[in-house]
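J.:
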Amino acid sequence: MNFLNFVNLYGAWFFLAVIPLVILYFLKLRRPKVDVPSLALWQSVLNDQRVNSPFQKFRRNLLLLLQLLLLALVILALMQPFVPADAGTSEYLPLLIDNSASMGAIDEGSGKSRLDSVRERVREQIENLSGSQQIALFTFSSTGRRLTEFTNDRRQLLKALDEIRPTDLPAKLDDVLRMTAAYTTSFPIDRVTVLTDGNLQEKVEFELPFNLNIVRIGAPADNLGITELSARRSGAEEWEVFVRVTGSAEQLLEAELQLFENGQQTQSSKVEVSKDDAERLVFPVAGQQTVLLEARLVPTGFDALAADNSVWLSLPAVRPLKVLSSESLNSWRRAAAAVPNVESGVISGETGSVPDGSWDLLISDKPDDAKLPIPVKVLVGIIPEDLKSLVTVKEELGAVVDWNRTAPLLRHVQLAEVEFAELPAYAEGASTKDLEDRGYEVLVDGKAGPLLLQKREGLQTTWWFTFHTDRSTLPFRVGFPILAANAVDTAMKQSSLAEVNAAPTGVLPAQNLDPETEYRVRSPDGTFTTLRSNGAGMLVGASAGRVGLYEILDGEETVAAVGTGLLNIHETSLADVEELKFTEAAVATQAAEKLATDQPLWWILAFAGLGMLLFEWWYFQRARNAE
Amino acid sequence: MDASATRNFTTLFDNALLAQIERMRLRPLRRLTNRSRGEHLSGKGGSSTDFADYRDYAAGDDLRYVDWNIFARLQRPYIKQFQHEEELHVVLLVDASTSMLFGDKLLTAKRAAAALGIMGLLNSEKVSVYAVHAQESQPWMLPPGSGRTRIRALLQFLENVAGGGDIPVEDAVARMLRFHRGRGVAILASDFLTLGDLSRPMNMLYSAGLEVWGLQILSDAEIAPNVEGDLRFVDSETGYTLDITNAGELLSIYHDQRLRLQATLDNMCRRRQGRFLSVSSAVPFSDLLFDCLCRQGWVQR
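Going down the list, the protein sequences come from chains C and F.
Residues in the first sequence are numbered consecutively from 1, following my numbering.
Residues in the second sequence are numbered consecutively from 1001, following my numbering.
(1) So Trp463(C) and Val577(C) are supposed to be a Cβ contact under 8 Å. How far apart are they, rounded?
(2) Measuring CA to CA, which of Pro94(C), Ser344(C), Thr505(C) and Phe607(C) is closest to Ser142(C)?
(3) In terms of residues, what are the limits of the beta strand (DSSP E) holding Phe283(C)?
(4) Classify Ser1252(F) as helix, strand or coil using the three-state DSSP reduction.
(5) So, for Ser1004(F): in the same chain, excluding its five sequence neighbours on each side, which residues have a beta-carbon less than 7 Å away from its beta-carbon?
(6) Rounded to a whole number of angstroms, what is the C-alpha to C-alpha distance between Ser1124(F) and Ile1151(F)?
(7) Does the beta carbon of Ala12(C) come closer than 9 Å to any beta carbon on chain F?
(8) Given that a residue counts as buried once 16 or more other Cβ atoms are within 10 Å of its Cβ, and exposed if not, what is Glu279(C)?
(9) Might you give, ordered along the chain, the residues of its own chain that have their beta carbon closer than 8 Å to the beta carbon of Glu202(C), omitting 5 neighbours on each side?
(10) Where does Pro367(C) sit, in a helix, a strand or coil, going by DSSP?
(11) May I ask you to list the residues that DSSP assigns as paired with Ala136(C)?
(12) Tell me which same chain residues have a C-beta within less than 8 Å of the C-beta of Gly609(C), skipping the five on either side of it?
(13) Ordered along the chain, which non-local residues of its own chain (more than five positions away) have a Cβ less than 7 Å from that of Gly1297(F)?
(14) In the DSSP assignment, find the beta strand (DSSP E) that holds Glu254(C) and state where it starts and stops.
(15) Near Asp1220(F), which residues of its chain fall below 7 Å by C-beta distance, leaving aside the five closest residues on each side in sequence?
(16) In the DSSP assignment, the beta strand (DSSP E) including Asp445(C) goes from what residue to what residue?
(17) Quick one: using the 10 Å Cβ neighbour count with 16 as the cut-off for buried, is Val282(C) buried or exposed?
(18) Does Glu127(C) pass the burial test, meaning 16 or more other C-beta atoms within 10 Å, or should it be called exposed?
(19) Can you list the residues of chain C that Thr1194(F) reaches, using a CB-CB cut of under 9 Å?
(20) Quick check on DSSP: helix, strand or coil for Phe615(C)?
(21) Under the rule that 16 or more other beta-carbon atoms within 10 Å means buried, what is Lys275(C), buried or exposed?
(22) Mind listing the chain C neighbours of Arg1200(F)? Cutoff is C-beta to C-beta under 7 Å, in chain order.
(23) For Leu1231(F), which residues of its own chain have a beta-carbon under 7 Å away from its beta-carbon, when the five flanking residues on both sides are left out?
(24) Sort Leu315(C), Arg334(C) and Ile226(C) by Cα distance to Ala306(C) and report the nearest one.
(25) Starting from the C-beta of Leu1029(F), find all residues in its chain whose C-beta is less than 8 Å away, skip the five residues before and the five after it, and write them out in chain order.
(26) Could you tell me how far apart the beta carbons of Ala249(C) and Asp107(C) are, in whole angstroms, since I believe they sit closer than 8 Å?
(27) Going by Cα to Cα distance, which pick from Val291(C), Ser353(C) and Gly247(C) is closest to Gly301(C)?
(28) Would you tell me roughly how many angstroms separate the C-alpha atoms of Leu1101(F) and Gln1257(F), rounded to the nearest one?
(29) Helix, strand or coil for Met538(C) per DSSP?
(30) Which stretch, first to last residue, makes up the alpha helix (DSSP H) that contains Asp1171(F)?
(31) So with CB distances below 8 Å, who are the chain F contacts of Gln67(C)?
(32) Quick one: is Leu1041(F) near chain C, going by C-beta distance under 9 Å?
(33) Could you tell me whether the region 431-443 of chain C touches the region 290-304 of chain C, where touching means 3 or more Cβ pairs closer than 8 Å?
(34) Go ahead and label His635(C) buried or exposed: buried means 16 or more other beta carbons lie within 10 angstroms of its beta carbon, across all protein chains shown.
(35) For the candidate residues Glu441(C), Val478(C) and Pro450(C), whose alpha-carbon lies nearest to that of Thr461(C)?
(36) Verify the CB distance criterion: does Gln1216(F) have a CB-CB separation below 9 Å to chain C?
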């Protein structure tokens, strides 16, 4: 490690100025002439050993030495010496700044947020930036964002730094690391510094191409927050709302949980939670009408993080699930009707006419029905159009070889001894991979081909039975009503009729609206984003970086209101990790009171030069007055 | 020349001082005298009336000098010895170089030479005066002479000595010895500020049978120079320059060197049976004469 480095080493050429300085000094030195009787005594004075001692020689040419010293100090200051922070100091310094929700946590003592502390340290590093060094600023929460390119423009960097605000999003390091890794192809990046409070996911799926220096800033703080808000249907016309409150402190923290329905407080409850003792509260909410629910936590004492104190949830009006089925599929219809809160409709077998209304689940064996705009479909004995070249159905007996037991549709369904009169088989050269390439997932494999396929498109889920269930022993199995109930259950969830979960910040949940229509999304801070729904009427991809209520407007009319919450137990805990596990290595996080930065010395030299100049002036004036 | 000066016998000092000088005598340390008879007592074996010592009688001794009282008491003859009365040669060397023009040093030197010369003349000694001036020229010289009648010539010679020469004192001594003959006392009135070696002229004087009396005359500017800062000193005789930085800081060393020079000169003179005295030209001449020289034993009143 070099003790001292210079930013501008070429400044050493200025030391050649010593030569003219010395010449000018002796040329310009005008001594008053004094006639003396003889030089004998003065000559012997000069020959005296005391006069020729190094100290006396120094005194004799003090002015020249002062000028040389002054020149040396000025030149050294021009060369901009600095004490490097460590051996890894490199020319290009990417700084990854955590601006996740936990960085907004306030320190009780200083009143500053963790992000403020990080900002101070980064500001110091920017201000101490040496000439050839360049910094690129990145922020990361759930995604990464580049604020500046590599630059040594302090004003630009400080401006970008000042604009960083904590988000209401959880921290995720992967994206920003990938973004930084992309820069390694253009810049020789040796070391990347991450400035965080340590509230990160312990496991990071990333192979490090550079050294990572994770600096942990921030002290533990007391915090309470809502980490879960969901509602489950309870009876025909009621919701049960579940709220989980979690704390970060060892001791019990008190708060009042208030529940607001359409802006009116309806219920409240006292909670006491600690780090190891979360509290789960249940509130009954009437479900006859759509309710916009807000759970608000009002801590009694100090609460470090405000972002996790409020969560929103939209509860739809309670109604029966509407299942539409083909007239020919009696087995399915009867099995679905056995599930409570289900209202059935039948597609005429002769005319194929579909009853009016909005339907939640379609069970059909008619290929044309596959196009109906229903979120959940069970299509029986139908090969998807785009798979007809890959899968054919033979008139042979078939059997189940294996199935995905964890798929929602097949939970608790036993298919081992089901027999089929049809044998779906892969066409020659086709395989499961070809199906997967087209977006299909094989849930049940037969001995020659797929028996059950699943395809998800946006909020729509479609299951394709490649054999007709009526030509199998499946309807006679115990698992069949379970299968139908699973389909109904999935449809209920899809239609938010059984269970509703509050949306975490990040991206708003997809909204089913009018197709191909432009909507404006008003965020809690009053800003608008314009989005367009797709052909299926799904409005997706609306960014929701803040906790609060998002309104979706069609013109000036509000067509939907969706609330979000932080809902991240890790962020609420404000816990920090000691070590991050990357794909190939583990990197320890370092608690740092002070960010190691290069220490520039030019200002010390400049002040020393100024002091030297004043001393020289005083000394010169003193000599002149003495004359 | 004012009226009072015209009334004085010399411009070097007034008549009252001259009268006092006439009553004073030189006090040489040794009896380095000329063979010719003079008024100076010079060791035993002389024919003066001043008793010096006894010695055993030897065959051939003049019976007139036997002490018969001792013989009657001890029954052994002893010869009485009397001190010689011989002539002392007083050589006065006045440094007339330019350096002596600073602070009335030359005037002091001339006065001292005049006073000591008058004492010698009135004591029937041979007195010669040399004023060494320039390198190229011969020294101004007052040939040896004795007797009261030489006083006028001595004073006139010294009155006419002008400074401004460029010869160092060691060369001045060497040049003087080319002309001088005779044993006695050599009185050097100079500032002795020279870059040369002074031991050589001292040896030459000693070898010539002269007792060396060194009278160093320094001005106040040399004894306590008031200098400060960076200066360029110019030698008054040679024109050489010497750059001194922070002269004020070097004054203590200057004084040390001055005292060391005095000690060296004193040592040189004493080792050659002589004496040395350093005086300031600012000291009144009467003080110099009646106080310093008397107390140092150079002269007696």
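Just so it is clear, CB atoms sit at the ideal spot from N, CA and C, and this is done for glycine as well.
T.: The structure says:
(1) With a contact defined as Cβ atoms closer than 8 Å, Trp463(C) and Val577(C) miss out at about 41 Å.
(2) Thr505(C)
(3) Glu279 to Ala286
(4) helix
(5) Low per-residue confidence applies at Ser1004(F): pLDDT is 48, beneath 50, and the placement is therefore not dependable, though the value from the model is reported in the following sentence. Excluding residues within five positions, none has a Cβ falling inside 7 Å.
(6) Linking Ser1124(F) to Ile1151(F) through their CA atoms gives a straight-line distance of about 11 Å.
(7) So no, Ala12(C) is outside the interface.
(8) buried
(9) Val577, Glu579, Leu580 and Lys581
(10) For Pro367(C), the secondary structure class from DSSP, reduced to helix, strand or coil, is helix.
(11) DSSP, once it has assigned bridges, lists Pro94(C) as partnering Ala136(C).
(12) Leu70, Leu73, Val74 and Ala77
(13) Excluding residues within five positions, the ones whose Cβ falls inside 7 Å are Arg1027.
(14) Leu253 to Glu261
(15) The beta carbon of Asp1220(F) lies closer than 7 Å to those of Gly1103, Ser1280 and Ala1282 in the same chain, with the five residues before and after it left out.
(16) Glu441 to Gly446
(17) It counts as exposed.
(18) exposed
(19) Ser38 and Ala40
(20) helix
(21) Counting Cβ neighbours within 10 Å, Lys275(C) comes out buried, since at least 16 surround it.
(22) What Arg1200(F) touches in chain C: nothing, since even the nearest Cβ is about 16 Å away.
(23) For Leu1231(F), where only same-chain residues beyond five positions count, the Cβ hits under 7 Å are Ile1244 and Ala1247.
(24) Ile226(C)
(25) So the qualifying residues of the chain are Glu1211, Gln1273, Gly1274 and Arg1275.
(26) No, Ala249(C) and Asp107(C) are not in contact; Cβ-Cβ is about 14 Å, not under 8 Å.
(27) Gly247(C)
(28) 22 Å
(29) Secondary structure at Met538(C): strand, using DSSP grouped into helix, strand and coil.
(30) Val1169 to Leu1177
(31) What Gln67(C) touches in chain F: nothing, since even the nearest Cβ is about 14 Å away.
(32) Only weak support exists for where Leu1041(F) lies, its pLDDT of 48 falling under 50; the value from the coordinates is given anyway. Chain C, which has no Cβ nearer than 9 Å to the Cβ of Leu1041(F), makes this no.
(33) Inter-segment contact for the region 431-443 of chain C and the region 290-304 of chain C is absent: fewer than three beta-carbon pairs are separated by less than 8 Å.
(34) The shown model of chain C, from 1 to 627, leaves out residue 635(C), and the question about it has no answer.
(35) Glu441(C)
(36) no
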